[in-house]
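Protein sequence lines, in the order shown, are assigned to chains G and D. Each residue of the first sequence is one higher than the one before, starting from 346 at the first, in my numbering. Each residue of the second sequence is one higher than the one before, starting from 8 at the first, in my numbering. C-beta atoms are modelled at their ideal positions from N, C-alpha and C, and glycine is treated no differently. On a predicted model such as this, the values are computed, not experimentally measured, just so you know.
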Amino acid sequence: GAGVSQSPRYKVAKRGQDVALRCDPISGHVSLFWYQQALGQGPEFLTYFQNEAQLDKSGLPSDRFFAERPEGSVSTLKIQRTQQEDSAVYLCASSLDASAVHNEQFFGPGTRLTVL
Amino acid sequence: AQSVTQLDSHVSVSEGTPVLLRCNYSSSYSPSLFWYVQHPNKGLQLLLKYTSAATLVKGINGFEAEFKKSETSFHLTKPSAHMSDAAEYFCVVSVKWRRNNNDMRFGAGTRLTVKP
């Protein structure tokens, strides 16, 4: 497809379960970002990849959160031992080149995670 | 550190009347500024961006924003609202403060309602 896709669109997990969220960026986009959007809030930065290199993971809230992009295209955000406070929409965005400050980010529709 | 404040959580206008969505920012560096729109069940879409060129920026769908450094503001305007403009709007400040770190901060969002 032409845009950023994410799967699943909705995920319900029991507290303590591990989850994996997938992002397919626009083909050829170098930069990839993950954000967490809590209900009624703006997205908050989690982590940033340039190709396969994770250059910034300062926004990951705990060591239960892990992201990878092994071949520089598809990315997976994994959350281990989910907690109720992890309930949010997780957004993925991609950008054409490495100068992400000035360039438009293209966002996927998000994955809504609900932890019971 | 960077931050962004959207002064109104909810704005309601009548169709055909002007729209004003207010945004103030704080940044230790020269920022790039963006407005994104989020329609229900759709990904965030870029409306416009300011990257140190012209201070009056024109975007899609008739929106524009003016960067005012002295007031640290980047308000979004449109002369005449359309029903399809009803959505959530996010003001974003972005700064590259280290080689591999892009600090991108979203405001909490303003929900625009357009009445017939």
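Spatially closest choice to residue i from the options, by CA coordinates
i: LYS402 of chain G; options: G:PHE378, G:PRO415 and G:GLN386; result: G:PHE378
i: SER420 of chain G; options: G:VAL460, G:ASN448, G:HIS374 and G:GLY361; result: G:HIS374
i: ARG112 of chain D; options: G:TYR380, G:GLY453 and G:VAL349; result: G:TYR380
i: ARG354 of chain G; options: D:ASN48, D:SER34 and D:PRO38; result: D:ASN48
i: ARG53 of chain D; options: D:THR24, D:GLU78 and D:GLY69; result: Residue identity check: residue 53 of chain D is Leu in the sequence provided, not Arg. Taking only the C-alpha atoms, the option nearest LEU53 of chain D is D:GLY69.
i: PHE81 of chain D; options: D:LYS56, D:ALA94 and D:LYS103; result: D:LYS56
i: SER350 of chain G; options: G:LEU461, G:ALA358 and G:ASP369; result: G:ASP369
i: ALA93 of chain D; options: D:GLY116, D:PRO38 and D:LEU14; result: D:GLY116
Under 8 Å by beta carbon: chain G residues contacting residue i
i: GLY114 of chain D; result: GLY387
i: GLY190 of chain D; result: The structure shown does not extend to residue 190 of chain D, since chain D spans only 8 to 123, so no value can be given for it.
Beta-carbon spacing of residue i, residue j below 8 Å
i: LEU391 of chain G; j: THR456 of chain G; result: no
i: LEU119 of chain D; j: VAL11 of chain D; result: no
i: TRP42 of chain D; j: ALA88 of chain D; result: no
i: GLY22 of chain D; j: PRO123 of chain D; result: The sequence shown places Glu at residue 22 of chain D, not Gly. It is a contact, given that the beta carbons lie within the stated cut-off.
i: GLY417 of chain G; j: GLU397 of chain G; result: yes
i: VAL110 of chain D; j: VAL99 of chain D; result: Before going on, a small fix: residue 110 of chain D reads as Asp here, not Val. Against a cut-off of 8 Å, the Cβ pair of VAL99 of chain D and ASP110 of chain D comes out as no contact.
DSSP state of residue i mapped onto helix, strand, coil
i: GLU430 of chain G; result: helix
i: ILE424 of chain G; result: strand
i: ASN448 of chain G; result: coil
Neighbour list for residue i in chain G, Cβ cutoff strictly below 9 Å
i: LEU63 of chain D; result: Within chain G, no residue comes near LEU63 of chain D; the closest Cβ sits about 18 Å away, beyond 9 Å.
i: PHE97 of chain D; result: GLY387 and PRO388
Interface residues of chain G facing residue i [CB-CB closer than 7 Å]
i: LEU119 of chain D; result: Here the premise fails: no neighbours, minimum Cβ distance about 15 Å.
i: LEU53 of chain D; result: GLU449
i: MET111 of chain D; result: PHE390
Interface positions of the stretch 383-416 of chain G facing chain D (Cβ-Cβ less than 8 Å), listed along the chain: From the stretch 383-416 of chain G, only GLY385, GLN386, GLY387, PRO388, GLU389, PHE390, TYR393, GLN395, LEU400, ASP401 and SER403 have a Cβ closer than 8 Å to chain D.
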